[in-house]
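Chemist: Mapping of the sequence shown onto our numbering: residues 1389 to 1514, in sequence order. Note that beta-carbon positions come from the ideal geometry of N, C-alpha and C, so glycine has one too. One structure coming up, written as structure tokens, with questions to follow.
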Amino acid sequence: MIEEIRLFFGKAHVFPNYLVVYMNEGITVKPEYNTHLINIAQKYFKDKPFGYITNRINSYAVNPLVYLQTSKIENLVAFAIVSNPDIKKSNVELEKIFMKIPFEHFSELELAKKWVESIITKHSSN
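Now the structure itself:
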């Protein structure tokens, strides 16, 4: 890990090719929170592809419009959700509709990291 960034709505762990984000319990993720993601992307991933992993260890809500804004980050090439395997598959499928980049659900963080790295590798070799 390169750095841990504390945000008012959670924290982000920055790695060389991706972020792992942990949202606070009970919040609603709003589109305006993307400003923080954009700033992190510009600081740590300028001009290089990166991935975003949300590790849903806490319960929180997401305004799906967040994904429309997130999809506009040019160098974001992969988005992964890590959560309990019992999460309603329909929630993930709904969220997927709003994303315009590769988007997958995982029950283990390490699997999500490997998947994100594989997408970045494919993207970098094009």
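Can you tell me whether Val1389 is buried or exposed? The criterion is at least 16 other CB atoms within 10 Å of its CB, across all chains shown.
Modeler: At residue 1389 the sequence reads Met, which differs from the Val that was named. Exposed, because fewer than 16 other Cβ atoms sit within 10 Å of the Cβ of Met1389.
Chemist: Should Lys1460 go down as buried or exposed, given a rule of 16 or more other Cβ atoms within 10 Å for buried?
Modeler: Exposed, since its Cβ has fewer than 16 Cβ neighbours within 10 Å.
Chemist: Taking only runs that begin and end inside the segment 1409-1463, name each unbroken alpha helix (DSSP H) of 4 or more residues, in chain order.
Modeler: Within the segment 1409-1463, the complete alpha helix (DSSP H) runs of at least 4 residues are 1422-1432, 1453-1458.
Chemist: Rounded to the nearest angstrom, what separates His1511 and Trp1503 at their Cα positions?
Modeler: About 12 Å.
Chemist: Identify, in the order they occur along the chain, each residue of the same chain with its Cβ nearer than 7 Å to the Cβ of Pro1437, setting aside the five sequence neighbours on each side.
Modeler: Counting only Cβ-Cβ distances below 7 Å, and skipping sequence neighbours, we find Asn1463, Val1465, Ile1508, His1511, Ser1512.
Chemist: Whose C-alpha, out of Leu1456, Met1487, Thr1442, Leu1482, is nearest the C-alpha of Lys1501?
Modeler: Ranking Leu1456, Met1487, Thr1442, Leu1482 by Cα distance to Lys1501 puts Thr1442 first.
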